[in-house]
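Visitor: So the protein lines, in turn, are chains A and B.
Using this note's numbering, the letters of the first sequence correspond one by one to residues 17 to 371.
Using this note's numbering, the letters of the second sequence correspond one by one to residues 17 to 371.
Shown below is the structure under consideration.
There are 2 protein chains.
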Amino acid sequence: MYDLKQFKEKFDPVLNQYLNEELNKFNSNTTDPLIKEFSSHAKDLLMAAGKRVRPYIAYIMYCAAGGKEEEKKALEFFVSLEIFHMFCLVHDDIMDKANLRHGVKTEHEFVTEKLQQGGRVGNIKHVGVSQGILVGDLLFAWASKFFTDCRNFEIGNINTAKDIFYKMVDEVILGQMIDIDLTSRVDPDLQLINEKTRLKTSRYSFVRPMQIGASLADPDNGFADFCEDFGTKVGVAFQTQDDYLDIMGDYKLLHKNILGDVCDHQPTFFTNYVFTHGSDAEKDYLNQVFGKEMNDEQRSKVKKIFIGSCAIAEGQKLIAENYNQAKTLLGKADLGKEYKQKLSELISLVENRQS
Amino acid sequence: MYDLKQFKEKFDPVLNQYLNEELNKFNSNTTDPLIKEFSSHAKDLLMAAGKRVRPYIAYIMYCAAGGKEEEKKALEFFVSLEIFHMFCLVHDDIMDKANLRHGVKTEHEFVTEKLQQGGRVGNIKHVGVSQGILVGDLLFAWASKFFTDCRNFEIGNINTAKDIFYKMVDEVILGQMIDIDLTSRVDPDLQLINEKTRLKTSRYSFVRPMQIGASLADPDNGFADFCEDFGTKVGVAFQTQDDYLDIMGDYKLLHKNILGDVCDHQPTFFTNYVFTHGSDAEKDYLNQVFGKEMNDEQRSKVKKIFIGSCAIAEGQKLIAENYNQAKTLLGKADLGKEYKQKLSELISLVENRQS
């Protein structure tokens, strides 16, 4: 049973090969060299980085549920999860107006910069966004098509895994719709923030990949509830920790300025805590800077508000509680020892991350 | 065997029911009433209009290839094509910055206007576009998921139909990438214009739907080449006619200003003809207004250039040739009489359209 790093070493060549095959087919239908570069950049984005957490937990649960097919076939199957994930990121980056992803130019930015090199007319930024939307669509197409190509497993197993895959797709799209909606709301409430976390983090990053892996091995695996409960706890802890690091993290490790959520008018557990439990002065100040770029002095003041209002302490409590509950659930689960061990290592890894 | 109008009457309730089921599942995962409106607007767009040409020709070929399953199951299958088509349109409308589609607000415009009614902060137009991207993604998800839900046919038939479906998806995405690329090129060439027509019109609107229908009935149907040859001819004629109507059509019937392609810097057979065969004065004038809004006098002058340079006459010849070749292919095809009759009626319908 691989750890996450070993898994990535096995998984990446399989992912790379699949992308090469799809790109060759796709690019053979045009003579336009630039469009071939645009589509190929999606592969550069996928191969540049990414921890492969989603395929990895799918793989752990596949093994835990008694998956017996040869390893490469199982790894091939989980390629769909990673390509789907990059589809989400390519479209997210357009919505977030992000320029970099894992140190590589985002898709729409890559296209825009290429076209800005000359010989083009019109609204180049809009063309860049349009091509970014289309390359995202292409990745979604490949993730979906994947199930069609993959005939290595019993049809009942593939169908059950696919049913869960498409539940996950609806959930992450809805989660992102709520996320976008929250950024423009004057009065974001905790219920919507929690819905977003449940859909976009718990279900998408943990529950569904685990269930997909288990179902591929055995449609009647009996782990659905464990995946739901365990994945939900890990997801809430993970998302809250993400939001915590955005306030308290080291900007050098994060490769970005802290307090991005406040600047982006992105409500989180922490902003919500200040808005509902803070003093009037704390609320007023956070409200003044919410959705605006800040200077160092303002950042420092906002950070103090998050600490002084006890938002940070309460958030840390929530993170610890959820990770602990996840560990308790794992301890009780009817899983083989080595799979428990790997899931436990994974929790430690995410729990101790600094970025 | 239904004609197109009768088909739509049978098909639309099936489409409507499928959309209702998906929307109910999707919307049950959030308490946000506005997001429910955003997702539901996709159904309004789908049900407002649309001739259902793609599912109809798939249905003709399904019957021609001996499809024997009960009718409703076949209609259900082709729902995926129509939902996929609306996914393309929702994303296209973002790229084209279009406000209306079949007289209904486009998805991103609908969201933007809803949010502009008050109580929101930030860049509302960008939020509208972001939600539009996501609702498009959702439609693509439903079109893809459809194959998973649909277990009414032999798995071999579904798999063959799906293989062709995903070829079509890659083709239409590539066609749209070329389309977008062409709008920003200083020197668009005929080869790229032809690649776009082949992928985005011939393959997407005719060849692949026909092959999907035939394969669903019988994976070894023997009609693949006929679909390819016939669909290619009809597609070239259809696209060239579309571009012709944009110059010579009646703006009252078109519900839009003529010469939209010229204003949008969209190269066509006709613009290419002027740029390669026109006099220097004709080339210069077209170049001056290419990609710009025009007043009536300018429009009138550009129209005269298209006529005077023989672009219109040559385009009409191309349209007639391709429709005639399609009719000849149809005459020779080894298809049952009533299916030939319906395909022939369909050609007449598109050939005689005024908008």
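The beta carbon of each residue, even a glycine, is placed where N, CA and C say it ideally should be.
#1: Entirely within the region 261-312 of chain B and at least 4 residues each: give me those alpha helix (DSSP H) ranges in chain order.
#2: Closest to residue 241(B) by C-alpha separation, out of 18(B), 52(B), 345(B), 360(B), would be which residue?
#3: Name the chain B residues that come within less than 7 angstroms of residue 42(A), Cβ to Cβ?
#4: For residue 374(B), which residues from the same chain have a beta carbon less than 6 angstroms from its beta carbon, with the 5 sequence-adjacent residues on both sides left out?
#5: Looking at residue 171(B): is its Cβ nearer than 8 angstroms to the Cβ of residue 231(B)?
#6: Specify the secondary structure class of residue 116(A) as computed by DSSP and reduced to three states.
#7: Quick one: which chain A residues come within Cβ less than 9 angstroms of residue 254(B)?
#8: Does the Cβ of residue 22(B) have 16 or more other Cβ atoms within 10 Å, making it buried, or fewer, making it exposed?
#9: State the CB to CB distance for the pair residue 74(A) and residue 94(A), rounded to an integer number of angstroms; the pair is presumed to be in contact (CB under 8 angstroms).
#10: Check for me: the alpha helix (DSSP H) holding residue 63(B) runs from which residue to which?
#11: Count the other CB atoms, across all protein chains shown, that sit within 10 Å of the CB of residue 17(A); report buried if there are 16 or more and exposed otherwise.
#12: Checking the sheet assignment: what are the DSSP bridge partners for residue 219(A)?
#13: Starting from residue 26(A), trace the alpha helix (DSSP H) both ways and give me its first and last residue.
#14: By DSSP, does residue 67(A) sit in helix, in strand, or in coil?
#15: Taking C-alpha atoms, which residue in 136(A), 371(A), 106(A) lies nearest to residue 265(A)?
#16: Could you compute how far the alpha carbon of residue 118(A) sits from the alpha carbon of residue 65(A)?
#17: Is there at least one Cβ from chain A nearer than 8 angstroms to residue 50(B)'s Cβ?
#18: Residues of the region 154-173 of chain A in Cβ contact with chain C at a cutoff of 7 angstroms, in chain order, please.
#19: Which residues of chain B have a Cβ atom closer than 9 angstroms to the Cβ of residue 178(A), listed in chain order?
#20: Return the CA-CA distance between residue 209(B) and residue 176(B), expressed in angstroms with no decimal places.
#21: Provide the residue span of the alpha helix (DSSP H) that contains residue 333(A), from first to last.
#22: Quick check: residue 107(B) and residue 149(A), are their CB atoms within less than 8 angstroms of each other?
#23: For residue 358(A), count neighbouring C-beta atoms within 10 Å of its own C-beta (all shown protein chains included) and say buried if the count is 16 or more, exposed if not.
#24: Are residue 189(A) and residue 39(B) close, meaning C-beta to C-beta below 8 angstroms?
#25: Chain B beta carbons: is any one of them nearer than 8 angstroms to that of residue 34(A)?
#26: How long is the line joining the alpha carbons of residue 251(B) and residue 343(A), rounded to whole angstroms?
#27: Could you say if the region 29-39 of chain B and the region 121-129 of chain B meet the contact criterion of at least three C-beta pairs nearer than 8 angstroms?
#28: In this structure, how does DSSP classify residue 214(B) when only helix, strand and coil are distinguished?
#29: Residue range of the alpha helix (DSSP H) that residue 200(B) falls in?
#30: Could you name the residues of the region 128-146 of chain A whose beta carbon sits closer than 9 angstroms to any beta carbon of chain B, in the order they occur along the chain?
#31: Measuring only the C-alpha atoms, how far is residue 223(B) from residue 351(A)?
#32: What is the rounded straight-line gap between the Cα of residue 128(B) and the Cα of residue 146(B)?
#33: Look at the alpha carbon of residue 34(A) and the alpha carbon of residue 166(A), and state the distance between them as a whole number of angstroms.
#34: Checking contacts by CB at 8 angstroms: is residue 245(A) closer than that to chain B?
#35: Can you grab the Cα-Cα spacing for the pair residue 185(B) / residue 159(A), in whole Å?
#36: Which same chain residues, not among the five before or five after residue 356(A), have their C-beta less than 8 angstroms away from its C-beta?
Guide: The answer reads as follows:
#1: 267-270, 276-279, 285-293, 296-305
#2: 345(B)
#3: 186, 190
#4: The shown model of chain B, from 17 to 371, leaves out residue 374(B), and the question about it has no answer.
#5: no
#6: strand
#7: Correct list: empty, because the minimum Cβ distance to chain A is about 20 angstroms.
#8: exposed
#9: 5 angstroms
#10: 49-64
#11: exposed
#12: Its beta-bridge partners do not exist; DSSP assigns none.
#13: 20-43
#14: coil
#15: 371(A)
#16: 6 angstroms
#17: yes
#18: Looking at the structure shown, chain C is missing, and the protein chains on hand are A and B.
#19: 161, 163, 164
#20: 30 angstroms
#21: 327-348
#22: yes
#23: buried
#24: no
#25: no
#26: 60 angstroms
#27: no
#28: helix
#29: Premise fails: residue 200(B) is in no alpha helix (DSSP H) and is neither H nor E.
#30: 131, 135, 136, 137, 138, 139, 140, 142, 143, 145, 146
#31: 51 angstroms
#32: 10 angstroms
#33: 11 angstroms
#34: no
#35: 12 angstroms
#36: 346, 347, 349
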